[in-house]
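In our numbering, the protein residues as written are 256 to 459.
Just so you know, even glycine gets a beta-carbon here, dropped at the ideal spot from N, CA and C.
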């Protein structure tokens, strides 16, 4: 099986980067189906931390040629997905059609559930999230081809707010910086996000 660790990354970004929904209300997240909910997690990490640039265990790999080009395409798809999510969570009353262009399967389902939770709670997301994505592996011989992106997610400056007054409504406790892993799959000519998980026991 062909695997590569691609160290291509655009660096930490603002509104084009990662966000994680801060809801702590009940809903699909309560049974584990949503990976976007931020629970009250205060335990210390039990595995090695990663830096904002990616995992300390990741080896260097080519950033040029065919592998580097694929890695850059994957990162563009990944960040495009988050652009669409940020827009959907900032205006949850609007049609989230853009999200469907970047995600499928569990990743799409989780996003739509989180958007619906915001609507029902009359909340929106405001502020600027940040992330530092790293293409950790590309499996071009899979059928279909797949890839893994690891991220250091920072939502310190991205808040839950009242949809009308914009007054902040963050939960009393929230996890603001942690590692996240996304799985992508190539469908036709596009890379789509199929799953996104927070690793709550890892810091970055």
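The alpha helix (DSSP H) spanning residue 335 covers which residue range?
Here the alpha helix (DSSP H) through residue 335 covers 320-345.
Would you identify the three-state DSSP class for residue 401, choosing helix, strand or coil?
Here residue 401 sits in strand by DSSP.
May I ask you to report which of helix, strand or coil DSSP gives residue 375?
Helix at residue 375.
When burial is assigned at 16 or more other CB atoms within 10 Å of the CB, is residue 360 buried or exposed?
Per the 10 Å Cβ criterion, exposed.
Determine which residues share a DSSP beta bridge with residue 382 and list them.
BP columns for residue 382 point to 413.
For residue 431, which residues of its own chain have a beta-carbon under 8 Å away from its beta-carbon, when the five flanking residues on both sides are left out?
Only 409, 410, 411 meet the Cβ criterion.
Note down, in chain order, each residue of its chain lying with its Cβ closer than 6 Å to the Cβ of residue 436, except the 5 sequence neighbours on either side.
So the list reads 405, 452, once near-sequence residues are dropped.
With H, G and I counted as helix, E and B as strand and the rest as coil, what does DSSP make of residue 406?
If DSSP states are grouped into helix, strand and coil, residue 406 belongs with the strands.
Alpha carbon to alpha carbon, what distance is there between residue 429 and residue 415?
Cα to Cα, the separation comes out at about 11 Å.
Note down, in chain order, each residue of its chain lying with its Cβ closer than 6 Å to the Cβ of residue 377, except the 5 sequence neighbours on either side.
Answer for residue 377: 418, listed in chain order.
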